[in-house]
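Chemist: First the structure, which I've put down as C-alpha cells, then a few questions once you've had a look.
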Amino acid sequence: MSDIQVIFKKEDIQPDLMKGKVAVVFDVLFATSTITAALADGAASVIAVYDQAQAREKAKSLHEPYVLAGEDKGRTIDGFEHPLRSFLQPIVAGKHLVLSTTNGTVALNRSSQADALYASSLLNNQAMAQHLANEHKDDTIVLVCSGTSGHYTMEDFYGAGSLVSFLVEEGDFELSDAARTALLFYQGCAAPFETLRTTRIGQTLVDLGMDEKEIQFIAQEGLLSTIAKYDPESGQIKGVQ
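Counting along the sequence shown from 1, when you hit position 88 you're at 88 in this note's numbering, and nothing is skipped either side.
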C-alpha cells in the first residue's frame with residue numbers, strides 16, 4: 001500500500017529526504033500545466049531550470065531545435081516566449097522547451113533526487129493516478145505543491161486534492177493528514193474554473209493581462225493522458241510511452 005504525503009510549498013522541500021520516494025510536482029498556474037500541454041502538443045522534451053540565467057546557458061548547449069520560454073513573477077522574461085499553451089502550441093512541436101518559471105520549475109529541480117519525479121496538473125491528473133497506481137503501488141508518493149514566494153497557494157493544494165481523489169478511486173492508499181485535508185478541500189470546492197479564477201494568483205495573472213481562456217483550458221480536468229516524467233540521465237521531462 002502506498003503512503004500519500006503532501007508538501008505545501010517548494011521552500012519546504014528537503015532534497016535529501018526525497019530519495020527513495022516518488023515525487024509529483026504541481027504548479028497548476030501554470031508551469032506543470034504548461035509542461036503537460038507542451039508534451040501533448042509534440043514537444044521533444046521540457047527542460048525545467050531554476051532561472052533565466054540557467055535557461056540561457058542550457059539553450060547554448062543544445063544542438064537540436066528548442067524554444068526558450070519563461071516568466072518571472074508573472075511577467076514574460078525579455079527574449080523568451082510567453083510560457084502559456086496558447087503561445088507555445090504553434091511553435092513547440094519537435095523542439096525542446098527550455099522553461100524557467102518563478103515557482104514550478106524550481107520545485108521540480110528541488111525534487112529531482114526522488115527515485116521518480118513527475119509533473120502533474122488538472123489536465124492529466126486522472127491519467128497520472130492510473131499510472132501511479134500501476135507503477136508505484138508500494139512506494140511513498142509525495143505530492144509537492146510549488147506555492148509562491150514562500151507561501152502556500154490554493155490552486156496547487158486543489159491540484160493535489162484532485163490527484164488524491166483519482167488515486168483513491170484506483171486503489172487502497174494510506175493518506176497523511178495533509179493528503180486527506182487536500183482531498184476534503186478539493187471535494188468541497190466549486191468547479192475547477194471558478195476555483196482557479198478566484199485564487200490570488202489567478203486574479204493577479206488576469207490583472208496582468210492574461211486571457212481567462214488560459215485558465216479555462218487548464219481547468220479541464222482529465223483532458224490529457226500525458227504522463228510527464230523527469231529523466232535524470234538527460235535532465236529532461238518527457239512523456240512516458
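Where a beta carbon is used, it is the ideal one built from N, C-alpha and C, also for glycine.
If you run the structure through DSSP and keep just helix, strand and coil, what is Ser120?
Modeler: Taking the sequence shown and counting its residues from 1, the one referred to as residue 120 is at position 120. In the structure shown, Ser120 sits in a strand (DSSP, three-state: E or B).
Chemist: Rank Lys9, Val28 and Leu17 by C-alpha distance to the C-alpha of Thr199 and give the top, closest one.
Modeler: As a working note, residue 199 is residue 199 in the sequence shown. Residue Val28 is the option with its Cα nearest to Thr199.
Chemist: Put Lys137 into one of helix, strand or coil per three-state DSSP.
Modeler: On the sequence shown, position 137 is the one that residue 137 refers to. Of the three classes helix, strand and coil, the one that applies to Lys137 here is coil, per DSSP.
Chemist: Beta strand (DSSP E) containing Leu175: first to last residue?
Modeler: Stepping through the sequence shown from its first residue, residue 175 is reached at position 175. Segment Phe173 to Leu175, the beta strand (DSSP E) holding Leu175.
Chemist: Check this for me: beta carbons of Gly150 and Lys21, under 8 Å apart or not?
Modeler: By 1-based counting over the sequence shown, the position of residue 150 is 150. By 1-based counting over the sequence shown, the position of residue 21 is 21. Taking 8 Å as the Cβ cut-off, Gly150 and Lys21 do not qualify as a contacting pair.
Chemist: Please name the residue, chosen from Lys73, Gly74 and Ala43, that lies closest to Leu88 on a Cα-to-Cα basis.
Modeler: As a first step, residue 88 is located in the sequence shown; it is residue number 88 there, counting from the start. Ranking Lys73, Gly74 and Ala43 by Cα distance to Leu88 puts Ala43 first.
Chemist: Starting from Leu99, trace the beta strand (DSSP E) in both directions and tell me its first and last residue.
Modeler: The residue you call residue 99 lines up with position 99 of the sequence shown. Unbroken beta strand (DSSP E) run through Leu99: His96 to Ser100.
Chemist: Does the separation of the CB atoms of Ala219 and Leu122 fall below 8 Å?
Modeler: Taking the sequence shown and counting its residues from 1, one reaches residue 219 at position 219. Taking the sequence shown and counting its residues from 1, one reaches residue 122 at position 122. Yes, the pair counts as a contact, with Cβ atoms nearer than the cut-off.
Chemist: Could you check whether the stretch 107 to 118 touches the stretch 223 to 235, counting it as contact only if at least three pairs of C-beta atoms, one from each stretch, sit closer than 8 Å?
Modeler: The answer is yes - the stretch 223 to 235 touches the stretch 107 to 118, with three or more Cβ pairs under 8 Å.
Chemist: Does the beta-carbon of Gln216 have 16 or more other beta-carbons within 10 angstroms, so that it is buried, or is it exposed?
Modeler: Here residue 216 refers to the residue found at position 216 of the sequence shown. Its Cβ having fewer than 16 others within 10 Å, Gln216 is exposed.
Chemist: Helix or strand or just coil, what does DSSP make of Phe26?
Modeler: Stepping through the sequence shown from its first residue, residue 26 is reached at position 26. Residue state, collapsed to three classes: strand.
Chemist: If Ala133 and Leu99 are in contact, beta carbons under 8 Å, what's the gap, nearest whole angstrom?
Modeler: Walking along the sequence shown from the start, residue 133 turns up at place 133. Walking along the sequence shown from the start, residue 99 turns up at place 99. Rounded, the Cβ-Cβ distance is 28 Å, inconsistent with contact.
Chemist: Taking the alpha carbon of Met154 as the point to measure from, which residue in Glu81, Ile201 and Ile47 has its own alpha carbon closest?
Modeler: For the purposes of this step, residue 154 is taken as residue 154 along the sequence shown, with counting starting at 1. The shortest Cα separation from Met154 among Glu81, Ile201 and Ile47 belongs to Ile201.
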